[in-house]
Amino acid sequence: KTVTKEEVTAEQLGGASVHTTKSSIADGAYDNDVEALLQMRRLMDFLPASNLSGVPEMPTRDPWDREERSLDTLIPDNPNKPYDIKELIHKVVDEGDFFEIQETYARNIVIGFARMEGRTIGVVANQPMVLAGVLDSDASRKAARFVRFCDCFGIPLVTFVDVPGFLPGTDQEYGGLIKHGAKLLFAFTEATVPKVTVITRKAYGGAYDVMSSKHIRGDVNYAWP
584 KTVTKEEVTA EQLGGASVHT TKSSIADGAY DNDVEALLQM RRLMDFLPAS NLSGVPEMPT
644 RDPWDREERS LDTLIPDNPN KPYDIKELIH KVVDEGDFFE IQETYARNIV IGFARMEGRT
704 IGVVANQPMV LAGVLDSDAS RKAARFVRFC DCFGIPLVTF VDVPGFLPGT DQEYGGLIKH
764 GAKLLFAFTE ATVPKVTVIT RKAYGGAYDV MSSKHIRGDV NYAWP
């Protein structure tokens with residue numbers, strides 16, 4: 584206040600909501616200590632003990648040949664109608680168990696951990712419910728950091744793509760959108776873990792390129808029927 588003459592409370596300057604929604608310094612916030620500890624235990628179950636130990640494998644009740652018929656109607660026929668990508672993720676992964684990271688920051692992209700056949704995977708997905716799933720600077724940084732983390736610990740990546748492009752506008756350009764978009768491209772390109780990409784609807788222009796496309800060494804690419 585003395586220097587900037589700005590009237591601001593401690594919570595507004597550096598509270599939990601600021602660091603989970605604006606600065607991205609914190610990956611999550613919880614109502615109390617008990618909930619935070621329980622969620623941390625859940626997170627640790629997904630992570631390997633070290634970068635040399637391999638991804639953990641947990642027993643699963645999901646049969647290997649499970650079919651989720653509701654996926655046939657989840658994505659609207661109208662390309663301009665949004666749908667919740669989290670619902671798709673929950674239906675695809677083992678037992679619907681998905682641990683989202685940075686849920687309230689850059690909500691136009693979704694990242695987190697799940698399991699398939701009992702083994703940990705990292706999930707990156709555009710969220711059509713927020714800004715139609717476009718990539719902006721914040722979303723690009725968020726996803727790039729997560730991809731690099733998964734690569735460091737040998738966690739395979741599954742990417743769900745429904746992206747109409749990069750967010751236009753002077754705010755994004757002045758903020759270095761090209762630079763931050765390149766971080767995501769570089770993260771996927773240098774990642775040596777298995778990378779499976781599923782295009783659920785739209786995949787346009789440079790934004791598709793940076794979302795683990797074949798152009799940047801995506802191992803397996805599928806198109807939603």
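Under the numbering used here, think of the first position of the sequence shown as 584, with each following residue one higher. Heads up, the beta-carbon is just placed ideally off N, CA and C, and yes, glycines get one too.
Mark Met-794 as exposed unless 16 or more other C-beta atoms lie within 10 angstroms of its C-beta, in which case mark it buried. buried
Whole-angstrom distance between Gly-705 and Phe-682, CA atom to CA atom: 10 Å
For the beta strand (DSSP E) containing Ile-608, name the first residue and the last one. Taken as a continuous stretch (DSSP letters only), Ile-608 belongs to no beta strand (DSSP E), as it is neither H nor E.
If we ignore side chains and look at the alpha-carbon of each, how far apart do Gln-595 and Pro-711 end up? 29 Å
Closest by CA to Thr-604, which one among Val-675, Ala-689, Pro-777, Val-746? Ala-689
Closest to Met-627 by C-alpha separation, out of Pro-747, Glu-773, Val-713, Ile-684, would be which residue? Ile-684
At the level of alpha carbons, what is the spacing between Val-676 and Arg-649? 11 Å
Does the Cβ-Cβ distance between Arg-724 and His-673 come in under 8 Å? no
Using alpha carbons as the reference points, say which of Tyr-787, Ser-720, His-602, Ile-782 lies closest to Tyr-805. Ile-782
With a 10 Å radius around its C-beta and 16 neighbouring C-beta atoms as the bar for buried, classify Ser-720 as buried or exposed. buried
Would you call Arg-632 buried or exposed, if buried means 16 or more other Cβ atoms sit within 10 Å of its Cβ? The residue you asked about is not Arg; residue 632 is Ala in the sequence shown. Counting Cβ neighbours within 10 Å, Ala-632 comes out exposed, since fewer than 16 surround it.
Buried or exposed for Asn-709, please, with buried defined as at least 16 other CB atoms from any protein chain shown within 10 angstroms of its CB. buried
Would Cys-735 be called buried (16 or more neighbouring beta carbons within 10 Å of its own) or exposed? exposed
Hey, which unbroken runs of the beta strand (DSSP E) at 3 residues or more fall wholly within the stretch 760 to 800? 778 to 786
Please say whether Thr-687 and Phe-629 have beta carbons closer to each other than 8 Å? no
How big is the Cα-Cα spacing for Ser-636 and Phe-732? 15 Å
Can you list, in chain order, the residues of its chain whose CB lies under 7 Å from that of Arg-784, leaving out five sequence neighbours each side? Ile-658, Pro-662, Asp-745, Trp-807
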